[in-house]
Amino acid sequence: MTPGVRSVVRGLGLPILASLFAIVIGAIVVAAIGFNPITVYGSLLSGAFGNLFSIGATLSGAVPLILIGLGIAIAFKAGVFNIGAEGQYWVGAIASVWVSYHFTGLPGWLHIILALVAGMLAGAVWGGVIPGLAKAYVGAHEVITTMMMSYIGILLAQYMIEEPNAPMRQPGYIPESPMIPNNVQLPFLPMKAFVQSQLSIGIFIALIAAVVVWLLLQKTTFGFQIRTVGYNQRAAKYAGVHVAWYTILALGMSGLFAGLAGGVQMLGVAHQLNDSFASQYGYTAIVVALLARNNPFGCIIAGIFFAALSTGGQTMQQFSGVPASLTDVLTGLVVFFVAAEQLIPEIRAWFRRNKDRRRIAGVQEGGKTA
Amino acid sequence: MGDFLSVTELTKAFPGVLANDHINLTLHRGEVHAILGENGAGKSTLMKLIYGLYEPDSGEILLEGNPVHFHSPRDAIHAGIGMVHQHFMLIPALTVADNVVLGDEPGHIRYDRKQAEEKVRSLSNQYKLTVDATAKVGDLSVGLQQRVEILKAFYRKAKLLILDEPTALLTPQETEELFSIIRHLRDEGIPILFISHKLDEVRAVANRVTVMRAGKTVATLSVAGTTSQQLANLMVGRDVVLRIEKQPQQRGSVLLDIRNLEVQDKDKHPRVRGVSFQVHAGEVFGLAGIDGNGQFELVDAIAGLLNVFRGSVWFDGQNITRLSPGARTATGIAYVPQDRQVEGLVLNFDLVENLMLRDFRRRPFSRNGWLSRQAAVKYANDLIQRFDIRPPDALRKAADLSGGNQQKVILAREVARDPKLLIVAQPTRGLDVGAIEGIHRQLLHLRDLGKAILLVSLELDEIMSLSDRIGVIHSGVLQDIVDAKTVTREKIGLLMTGSRSDEGARILSSDIQEVRKP
Ligand SMILES: Nc1ncnc2c1ncn2[C@@H]1O[C@H](COP(=O)(O)OP(=O)(O)O)[C@@H](O)[C@H]1O
Ligand SMILES: [Mg+2]
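From first to last, the protein sequence lines stand for chains R and B.
Numbering follows this note's numbering, with no gaps: position 286 of the first sequence is 286.
Numbering follows this note's numbering, with no gaps: position 131 of the second sequence is 131.
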């Protein structure tokens, strides 16, 4: 095997192994609480992929996960941790919705593009420019700043519609913004099951975004500089890379994709800002990027995987009685085993030491001291 | 038999390498026996076999005439073998005495610290291993920690001491002290196996030397009867040139002109204070100095990695003081930084990416922001061949290469650009004799091609054998610039300590090293 092939195998093998471990241990948990793992996983699987409707629901749920995951992967590649994607998502959602129901009279496609671009910019400012500048110029750690900005973003979205006179609230008793006009909504895929499951062309946006991110990271000098900064800042400086600038750019790109996810979700599924601020997409997407090991195409698979867990989990609960939170257990286990990559050599070394110790004991018992 | 330890036909294979191939070795009572070999020759493996960390595939170890089979270091310790590893195994939070007795503490259920300290003190007197038994190990210098390791061995009644590359982390001063400890132990009748890849150390401390190459023992010689040249040739397996003959110099015009340069570190402390000098085309300008006297800050500032506080840098008639590192590269300055792994390379990148690391912005590596992988691979393969980088696999990560080959990658990248000025900092640190020779040849070849070379090194020998002129820096001030052909070691040594006067110039190299202690 050439080193290239080997690293691909290692790159793919580990996440798959981690997921398998998680599934096996999940099965043990299920069996331990008195259910048949096969029927439980069966219902989970059929809930996620059993018919066109569930496939549509899974893919629809994967769209924001893939998009945000891509952004987080970019930040990871540059060695920074964007933990505040949730807030960037909501800020993107606000901007997109606002642009969508303002400016009547634009052609639909142009309006859609404008709305999405507004979401992307809002996310980029929220995730990148502010935390990025703070990191580059006063050394504030991005884990703290993206997190704090995230709370502000989520609360801002609430503020926009919560009170009767809130800036984006439409008249009435329900805290929600005006609907996005029909011609600014992303069309659903033209099949009844997909319309019902709200699978919009956002899925294609997510797939294209993955290709774009891959090209960006692997094929451009921009990506080369991001990766150099991520691996070794001193070498990056030596290579002539403006380290602070690229850190800001990476965080900005990261927020841009989270903002895009917010926009796509609003235009494609929610069609308005309403009181559903517990999306959790921004947090699950961190796991998506981790499981994908920051590979853009991996983000597609990992996004679908976690979306499947969540849609399948509902069905599983209905049909087998196992609480849907089992899927949270599975998520936790996946995270654990992905992180366990560093643990595996440790465990191996521990076994070896133990073997040694037993051998020494055996020698001494046998009285055969040297 | 008078041999304390003898090893016959010892063999150990790892997947893909025969690390020890029918090794034969005898160690007499009361001798310091050096094992000399390049990195990867199999020295550590042999020691680990003797110490019971590995078990041999075949062959025999005789201790005082009796065959022994160690299954673990514990067996070896029982048999009286002590080993100090390159990386110490001490607990920083405990005291010296605690560390020494750990695992074999005096007292019964209750640990008797008084007695432990007493025992450590008497051992320390007996073997002249001066160290405070009550000090916390974490507060000790590397050299003193090493003594604690040696004490640990003697506390466990070692009759033979193995030291695996013991000088690797020591300052020259500490090295000198270690050598006198080793001589004292030898006089006490303790045989010592001393592992090294440095010729001068072997010559300084060993009685006999066994040379290893590629897993085999090549020869065992008495040190007194051999020259460094012989040892180097045996070690590398071909004729090595330790000191390369220089061509007569063809000095050209001024390329680099440093004017009154001042550089500060992050905390605004001045590190370079008003330095001025010029480097001409076709010359090697050596910058000598004790570590920490501003020489690395100076070259970082010339390369654009540190800001200039005051003064200016002129290159080829142009003021480059405010140019970015990338722009300076483009004007024809190449830079081999001091720390190849932390600065010179991205260890996680493959050789293709590392070889274009400083040139990725220009063609053929990229066009309008798009990388051309194909062109980069072709370029990398070309350099790998030209500079004999091994293994010749462009897709391998830089981390997988040996130190010498990593350095070749950096040098290849910097030289291939055909720069006018090459700044090299510590180009041969930690490298084998063979690799050092290659790099020295390369540098002198560039000089003969008319390039200007600014060489910074902590090795005075390296500076003296390569340079045409030598600038000596002390606490950020350039003391003097001297002609390498006529200057003496002693004179440079004196300048390095900050003294400009010529009287008392009979300073010895060991005195020079004294000052190197931080
Ligand atoms: N535990 C190991 N597993 C596999 N290969 C090893 C191991 N230890 C050493 N080697 C290989 O054996 C050879 C000799 O290594 P070593 O004894 O460490 O050399 P030295 O100490 O002379 O530098 C090298 O090629 C090295 O890569
Ligand atoms: Mg070794």
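Backbone N, C-alpha and C define an ideal beta-carbon position, used for all residues, glycine too.
Asked                                                                                                                   : Found
Distance cut-off 7 Å: B/Asp164 Cβ against heavy atoms of ligand 2                                                       : yes
Those residues which DSSP pairs with B/Gly308 across a bridge                                                           : Note that residue 308 of chain B is Val in the sequence shown, not Gly. Bridge partners of B/Val308: B/Val263.
C-alpha gap between B/Lys517 and B/His474, whole angstroms                                                              : For B/Lys517, the pLDDT reaches just 37, beneath the cut-off of 50, and the residue's location in the model is therefore unreliable, although a value from the coordinates is still provided. One C-alpha to the other measures close to 14 Å.
Alpha-carbon spacing of R/Tyr159 relative to B/Glu262, whole angstroms                                                  : 55 Å
Within 7 Å of chain B by C-beta, residues of the region 225-236 of chain R in sequence order                            : Thr228, Tyr231, Asn232, Arg234 and Ala235
Helix, strand or coil at R/Met191 [DSSP, three-state]                                                                   : coil
Residues near B/Leu143 in its chain [Cβ-Cβ closer than 6 Å; skip 5 each side]                                           : The sequence given here places Gly at residue 143 of chain B; Leu does not occur at that position. Here the set comprises Leu170 and Glu174.
Given 8 Å, three or more beta-carbon pairs between the region 84-91 of chain R and the region 254-269 of chain R        : yes
Nearest to B/Asn66 (by Cα), restricted to the options B/Asp359, B/Ile181 and B/Ser6                                     : B/Ser6
Nearest residue (CA-CA) to R/Leu330, options R/Phe319, R/Leu106 and R/Val287                                            : R/Val287
Residues near B/Val284 by beta carbon distance below 6 Å, same chain, minus five either side                            : Arg447, Ile453, Leu455, Leu466, Ser467 and Asp468
Counted within 10 angstroms of its Cβ, other Cβ atoms place R/Thr104 as buried (16 or more) or exposed                  : exposed
Alpha carbon of R/Asn182 to alpha carbon of R/Ala193, nearest angstrom                                                  : 20 Å
Cα-Cα separation, B/Asn354 to R/Ala244                                                                                  : 21 Å
Residue list, Cβ distance to ligand 3 heavy atoms smaller than 6 Å                                                      : Ligands displayed in this structure: ligand 1 and ligand 2; ligand 3 is not among them.
Cross-strand partners of B/Leu455 (DSSP beta bridge)                                                                    : B/Gly286 and B/Val424
is_contact[R/Gly240, chain B] using C-beta, thresh 8 Å                                                                  : yes
Buried versus exposed call for R/Trp90 [16 or more other C-beta atoms within 10 Å across all chains shown]              : buried
Segment contact, 8 Å Cβ cut-off, at least three pairs: the region 382-395 of chain B with the region 337-347 of chain B : no
Supposed close pair R/Val241, R/Thr228 - CB separation, criterion 8 Å                                                   : 6 Å
R/Thr220 at chain B interface by Cβ criterion, 8 Å                                                                      : yes
As assigned by DSSP and simplified to three states, the class of B/Pro172                                               : helix
B/Glu188 beta carbon less than 8 Å from that of B/Tyr127                                                                : yes
Partner residues on chain R for B/Gly59, Cβ-Cβ distance less than 7 Å                                                   : Under the 7 Å cutoff, chain R gives no residues; its nearest Cβ is about 16 Å from B/Gly59.
Contacting residues, own chain, Cβ-Cβ under 8 Å from B/Phe349 (five flanking each side not counted)                     : Leu357, Lys397 and Ala398
Test: B/Glu343 CB closer than 8 Å to a CB of chain R                                                                    : yes
Cβ-based neighbour list, R/Ala95, same chain, cut-off 6 Å, excluding 5 preceding and 5 following                        : Ala118, Gly119 and Ala122
Range covered by the beta strand (DSSP E) that runs through R/Ser100                                                    : That residue, R/Ser100, is in no beta strand (DSSP E); its alpha helix (DSSP H) goes Ala85 to Tyr101.
Cβ of B/Phe315 within 8 Å of any chain R Cβ                                                                             : no
Contact belief for R/Thr39 with R/Ser320 at Cβ below 8 Å, rounded distance in angstroms                                 : 6 Å
Continuous beta strand (DSSP E) stretch holding R/Gln170: start and end                                                 : Where R/Gln170 is concerned, there is no enclosing beta strand (DSSP E), given that its DSSP letter is neither H nor E.
CA-to-CA distance, B/Leu234 to R/Met1, given in whole angstroms                                                         : Bear in mind that a pLDDT of 46 at R/Met1, under 50, signals an unreliable position, so the model cannot answer this.
R/Met253 and R/Gly71 closer than 8 Å at C-beta                                                                          : yes
Partner residues on chain R for B/Thr329, Cβ-Cβ distance less than 8 Å                                                  : Gly240
Cutoff 8 Å: B/Val346 Cβ touching any chain R Cβ                                                                         : yes
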